[in-house]
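The structure appears below as structure tokens.
Numbering (the numbering used here), first residue to last: 5 to 150.
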């Protein structure tokens, strides 16, 4: 599989997770909405990493850290305006930190119970809406690598 095919695989799994988040939203399963949002953005970010580096992505779940690894890659810098990329990345940095907390909450039962009391319909809707916005931006990064 070449790096474009690997990216397409990550993209498809990310789209599946985003669609799952929407289904969970419609069914009132709010903790799973935010967990699947985290999964969608993480997988898409790992796909972009693979596309530009032709390497397997780091085995981490911190989206900001994955982007930091990517920024160090020469292949990435050749294709994108780093200033524009940095601007968007900085705009979403706090959202990525929020998503990381949802990854943890989805994985550990005791934490999941605490988080389920904090994640209501409004929070899940906001997270889903921001995820869709961020998803479009990250997906758009693929167009620069032919």
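Ideal Cβ positions, reconstructed from N, Cα and C, are used throughout, including at glycine.
Straight-line gap, residue i to residue j (C-alpha atoms, nearest Å)
i: residue 26; j: residue 37; result: 7 Å
i: residue 54; j: residue 129; result: 30 Å
i: residue 57; j: residue 79; result: 7 Å
i: residue 12; j: residue 51; result: 7 Å
i: residue 47; j: residue 106; result: 14 Å
i: residue 136; j: residue 66; result: 18 Å
i: residue 7; j: residue 126; result: 38 Å
i: residue 70; j: residue 10; result: 16 Å
i: residue 82; j: residue 149; result: 9 Å
i: residue 85; j: residue 59; result: 22 Å
i: residue 63; j: residue 102; result: 19 Å
i: residue 87; j: residue 113; result: 40 Å
i: residue 30; j: residue 68; result: 29 Å
i: residue 134; j: residue 24; result: 16 Å
Continuous alpha helix (DSSP H) stretch holding residue i: start and end
i: residue 69; result: 67-75
i: residue 51; result: 34-57
i: residue 132; result: 125-144
i: residue 19; result: 7-30
Counted within 10 angstroms of its Cβ, other Cβ atoms place residue i as buried (16 or more) or exposed
i: residue 32; result: exposed
i: residue 42; result: buried
i: residue 123; result: buried
i: residue 34; result: buried
i: residue 5; result: exposed
i: residue 44; result: buried
Residue i: CB within 7 Å of a non-hydrogen atom of the ligand FAD
i: residue 90; result: Absent from the structure shown: the ligand FAD. Ligands present: none.
Beta carbon proximity, residue i to chain C, threshold 8 Å
i: residue 145; result: The structure shown contains no chain C, having only a single protein chain.
- Query: Okay, do the stretch 134-145 and the stretch 91-103 touch, 3+ Cβ pairs below 8 Å being the bar?
  - Reply: yes
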